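S.K.: Residue numbers (this note's numbering), protein chains in the order written: chain U, 2 to 183; chain D, 442 to 831.
1. Name, in chain order, the residues that DSSP records as bridge partners for residue 154 of chain U.
2. Rounded to whole angstroms, what's the CA-CA distance from residue 38 of chain U to residue 826 of chain D? Just pull it up for me.
3. What in chain D is Cβ-close to residue 101 of chain U, meaning under 9 Å?
4. Rounded to the nearest angstrom, what separates residue 19 of chain U and residue 668 of chain D at their Cα positions?
5. Cutting at 7 Å between CB atoms, please list the residues of its own chain near residue 769 of chain D, excluding the five before and the five after it.
6. Can you have a look at residue 682 of chain D and say buried or exposed, based on whether 16 or more other CB atoms are within 10 angstroms of its CB?
7. Judging by CA-CA distance, which residue of D:824, D:823, D:814 and D:828 is the nearest neighbour of residue 521 of chain D?
8. Could you pull out every unbroken alpha helix (DSSP H) segment of at least 4 residues lying fully inside the region 536-624 of chain D, listed in chain order?
9. Report all residues from its chain with a CB closer than 8 Å to the CB of residue 495 of chain D; omit the five preceding and five following residues, and keep chain order.
10. With a threshold of 8 Å between beta carbons, is residue 93 of chain U in contact with chain D?
11. Take the Cβ of residue 87 of chain U as the centre, count every other Cβ of all protein chains shown within 10 Å, and call the residue buried at 16 or more, exposed below.
12. Distance cutoff 8 Å, beta carbons only. Does residue 71 of chain U sit that close to anything in chain D?
13. Pair every Cβ in the region 544-558 of chain D with every Cβ in the region 627-642 of chain D, then say whether three or more of these pairs are closer than 8 Å.
14. Check whether the Cβ atoms of residue 519 of chain D and residue 796 of chain D sit closer than 8 Å, and answer yes or no.
15. Put residue 177 of chain U into one of helix, strand or coil per three-state DSSP.
16. Establish whether the CB of residue 67 of chain U and some CB of chain D are separated by less than 8 Å.
17. Rounded to a whole number of angstroms, what is the C-alpha to C-alpha distance between residue 822 of chain D and residue 614 of chain D?
18. Measure how close the beta-carbons of residue 21 of chain U and residue 169 of chain U come, nearest whole angstrom, since I'm counting them as under 8 Å.
19. Buried or exposed for residue 442 of chain D, going by 16 or more other Cβ atoms inside 10 Å?
20. Assign residue 779 of chain D to buried or exposed, taking buried as 16 or more other Cβ atoms, counted over all protein chains shown, within 10 Å of its Cβ.
21. Which one of D:561, D:812, D:469 and D:569 has the shortest CA to CA distance from residue 446 of chain D?
22. Let me make sure I understand the geometry here. Which of U:134, U:116, U:121 and U:73 has the alpha-carbon closest to that of residue 104 of chain U?
23. Spatial neighbours of residue 77 of chain U within its chain, please: CB distance less than 6 Å, with the 5 preceding and 5 following residues excluded, ordered by chain position.
24. Enumerated in chain order, which unbroken segments of the beta strand (DSSP E) with a length of 3 residues or greater are wholly contained in the region 682-751 of chain D?
25. By DSSP, does residue 493 of chain D sit in helix, in strand, or in coil?
26. By Cβ distance, which residues of its chain are closer than 8 Å to residue 451 of chain D, with the 5 residues on each side in sequence left out?
27. In chain D, which residues lie less than 8 Å from residue 104 of chain U when you measure between Cβ atoms?
28. Which residue from D:742, D:464 and D:473 puts its Cα closest to that of residue 792 of chain D?
29. According to DSSP, simplified to helix, strand and coil, what is residue 22 of chain U?
30. Going by the CB atoms, is the gap between residue 781 of chain D and residue 483 of chain D shorter than 8 Å?
31. For residue 98 of chain U, which residues from the same chain have a beta carbon less than 6 Å from its beta carbon, with the 5 sequence-adjacent residues on both sides left out?
32. DSSP three-state call for residue 475 of chain D: helix, strand or coil?
33. Quick one: grab the DSSP three-state call for residue 826 of chain D.
34. Please classify residue 642 of chain D: does DSSP put it in a helix, a strand, or coil?
35. Quick one, which of D:694, D:733, D:708 and D:722 has its alpha-carbon nearest residue 743 of chain D's?
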């Protein structure tokens, strides 16, 4: 089998690093070179890493904002409908649209739908639930939840070339570079 | 990082300017005090409450920082410490209020108290000697915390003794607790008792959170100016401003939460002993001021500070912070002034002169204190992680 056909069969190439600094450097250089389809895996969040692998403008905040606005409007108009339109009652001479007393519930529904938008939006954007992922075909990848840092450049990337990408990754002093079975 | 000499000329200039503005303001206020003493005390109280809020807010946020020790706090630690060292000035400036008590507070006039059953009942607490004693006592308590926090932090600059960080950490929690209790009493005495019939249990916390907003905004303005020049240029990073922006957003939301809680409870209860406070403040010009405050103290800055870009740019963030300082004045004006003019909006030129006069002197003392030490707590062992790679 020649390298070209093998490359299309692979999921990608993965490098294992000892430290977050090396991973960050490799990711930044890879992005600079033009690699786009890649992902980094770390045991804990590392600041600036998302930007380094290309998450320049996360869209989740906007989804959460939309959820919050919908939640706030729904919460307010639910109460408005109940006490002004559906079942108007004179309570202590207060106006039917007693907006100050609607605020706490409006606030709660705002938070509720914002939280839903955050959780389910995150699931949707990450493609979860995902029972199978090729990166686990590398046995040492289990260490990504312990003390190792991984960068995987996927074969779908336009610049992907098995030998060149492997060579590129080994320039950053990785512990090892693996081929990831699909 | 240690060399403060590079920035001394800039700080000197700031101090001179502040002193000039302060001198002009104090002169104008003094003239006003002769022309219309009754208006002088009202305007003076308004200005005093704002600037003393910065001093006490600095103490409270400094305590919070020593307790939790985040990167955001180390960057503004020296700004906050300098803010707390204006305490002697504010204690001195409290004297005019003592002289003006009969002008300011209904409960300090025996002829009013003798005909009012409720005030007669409250006179065990609201009387002139006890009021003065409480003020003296609170200043003494604050002075103890200010003294030790500044002493230990300053000593660490010289000796690089790691155990001082531990001392500062352990004083932070108690200091914050004591601040909350004492500033609550200060708010009740100095501001809430302007309307001696009225009471609100959340009032003190509302003012404390307001002081937190002012202090954070002020610290952001100062640090963003310092970050433009050596030695701090390039040292203070975007992530620090991001944290300050987030904190400011949290404090603004908390302020809105307190304000709404008080309003909601009093509005729902609609009781004759509570509701007049809002009736006076929601009619005519005062009502317009209330709406402006809701918009510019909460809604507009809330959305501005939601946006990430605004928090990561020192320039934009400091502009937002300046606007917030202005609305803090608006909020305090709305809280204090309707007590004296319940039937309609009233403003006097002394309402500008007094805050500017006190403010100029305050800022001059602040800058004078700021340039006396390194701009960062350079020998704190926790400082290294603050400037780790972003």
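Heads up, the beta-carbon is just placed ideally off N, CA and C, and yes, glycines get one too.
Keep in mind the model is a prediction, meaning the values are calculated, not measured.
M.R.: So, from the listed chains and residues:
1. Secondary-structure assignment with DSSP links residue 154 of chain U through a beta bridge to U:14 and U:39.
2. Straight-line Cα distance between these residues: approximately 32 Å.
3. For a Cβ distance threshold of 9 Å, residue set 701, 704, 705, 708 and 709 of chain D lies close to residue 101 of chain U, ordered along the chain.
4. When rounded, the distance between both Cα atoms is 34 Å.
5. Within the same chain, residue 769 of chain D has close Cβ partners 491, 651, 654 and 655.
6. Looking at its Cβ environment, which holds 16 or more other Cβ atoms inside 10 Å, residue 682 of chain D is buried.
7. Shortest Cα-Cα distance from residue 521 of chain D to any of D:824, D:823, D:814 and D:828 involves D:814.
8. Counting only runs of 4 or more residues that sit fully inside the region 536-624 of chain D, the alpha helix (DSSP H) segments are 536-540, 542-545, 551-554, 558-563 and 569-600, in chain order.
9. Excluding sequence positions up to five before and after residue 495 of chain D, its CB lies within less than 8 Å of the CB of 524, 527, 652, 655, 656, 659 and 803, all in the same chain and listed in chain order.
10. So yes, residue 93 of chain U belongs to the interface.
11. Residue 87 of chain U counts as exposed, since fewer than 16 other C-beta atoms from the protein chains shown sit within 10 angstroms of its C-beta.
12. Chain D contact via Cβ: absent.
13. At 8 Å Cβ cutoff, the stretches touch.
14. It is not a contact, given that the beta carbons lie outside the stated cut-off.
15. Strand at residue 177 of chain U.
16. Cβ-Cβ to chain D under 8 Å: no for residue 67 of chain U.
17. Their backbone Cα atoms lie some 20 Å apart in a straight line.
18. No, residue 21 of chain U and residue 169 of chain U are not in contact; Cβ-Cβ is about 19 Å, not under 8 Å.
19. Low confidence applies here, because residue 442 of chain D scores a pLDDT of 49, under 50, leaving its location unreliable and the question unanswered by this model.
20. Buried, by the Cβ-count rule.
21. Looking only at D:561, D:812, D:469 and D:569, the smallest Cα-Cα distance to residue 446 of chain D is reached by D:812.
22. Nearest option by C-alpha distance: U:73.
23. For residue 77 of chain U, where only same-chain residues beyond five positions count, the Cβ hits under 6 Å are 103 and 107.
24. Runs found: none.
25. Residue state, collapsed to three classes: helix.
26. Excluding residues within five positions, the ones whose Cβ falls inside 8 Å are 670.
27. What residue 104 of chain U touches in chain D: 701 and 705.
28. Nearest Cα to residue 792 of chain D within the set D:742, D:464 and D:473: D:473.
29. Under the three-state reduction of DSSP, residue 22 of chain U is assigned to helix.
30. Yes, Cβ-Cβ distance for residue 483 of chain D and residue 781 of chain D is below 8 Å.
31. Here the set comprises 85.
32. DSSP, reduced to helix, strand and coil, places residue 475 of chain D within a helical segment of the structure shown.
33. Three-state result, residue 826 of chain D: helix.
34. In this structure, residue 642 of chain D counts as coil in the three-state DSSP scheme.
35. Here the closest residue by C-alpha is D:694.
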